[in-house]
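Numbering (the working numbering), first residue to last: -9 to 121. Just so you know, even glycine gets a beta-carbon here, dropped at the ideal spot from N, CA and C. Remember, it's a predicted structure, so these values are computed and weren't measured experimentally. First up is the structure itself, then whatever we jot down about it.
This is how it looks when you write it as structure tokens:
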């Protein structure tokens, strides 16, 4: 696995016009790995500009803490519902997720002007499939 700095150098080679096949051979990687790195170029370069750890190997994004709390509470709720043989479908689960998210947001103090603003949560079908 390449460090973030090595991935940036790899991306620079491609940007300079080197063929993906030659870059893959140089780094002893599959072409598909090069394509994956290239696909994630924006995140890699953003991480490289703010990264203090020169040996970092992964690009990580932080998740909204309210969504994490919502998903944890939702898992407990689903487990309890199954225990009592309450039938659930995706719509009911998504509605409950939305309610839980709103509940956790209401419990937190309102962010000040210098605090990060959290995005609204939509319990979409895509979110449900990943959950």
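Under 8 Å: do the region 13 to 31 and the region 64 to 80 share three or more Cβ pairs, one atom per stretch? no
Mapping the DSSP letters down to three states, classify residue 116 as helix, strand or coil. DSSP places residue 116 in helix when its eight states are reduced to three.
With a CB to CB cut of under 6 Å and the five nearest residues on each side skipped, what residues in its chain are close to residue 103? Residue placement at residue 103 cannot be trusted, given a pLDDT of 48 that sits under 50; what the coordinates show is reported in the next sentence. Closer than 6 Å at Cβ, skipping near neighbours: no residue.
Between 4, 97 and 119, which has its C-alpha nearest residue 79's C-alpha? 119
In whole angstroms, give me the CA-to-CA distance for residue 56 and residue 23. 33 Å
Which residue's Cα is closest to the Cα of residue 33: 64, 1, 110 and 16? 1
When the distance is taken between beta carbons, is residue -6 closer than 8 Å to residue 38? yes
Nearest to residue 116 by CA position, among 89, 81, 98 and 97, is which residue? The shortest CA-to-CA distance from residue 116 to any of 89, 81, 98 and 97 is the one to 81.
Measure the C-alpha to C-alpha separation of residue 106 and residue 113 and round it to an integer number of angstroms. Summary for residue 106: the model assigns pLDDT 47, below 50, so the residue's position carries little reliability; its value from the coordinates is reported in the next sentence. Roughly 21 Å separates the two Cα atoms.
Could you tell me the distance, in whole angstroms, from the CA atom of residue 90 to the CA atom of residue 97? 11 Å
Taking residue 61 as part of the alpha helix (DSSP H), name the residues at either end of that continuous run. Residues 55 to 73.
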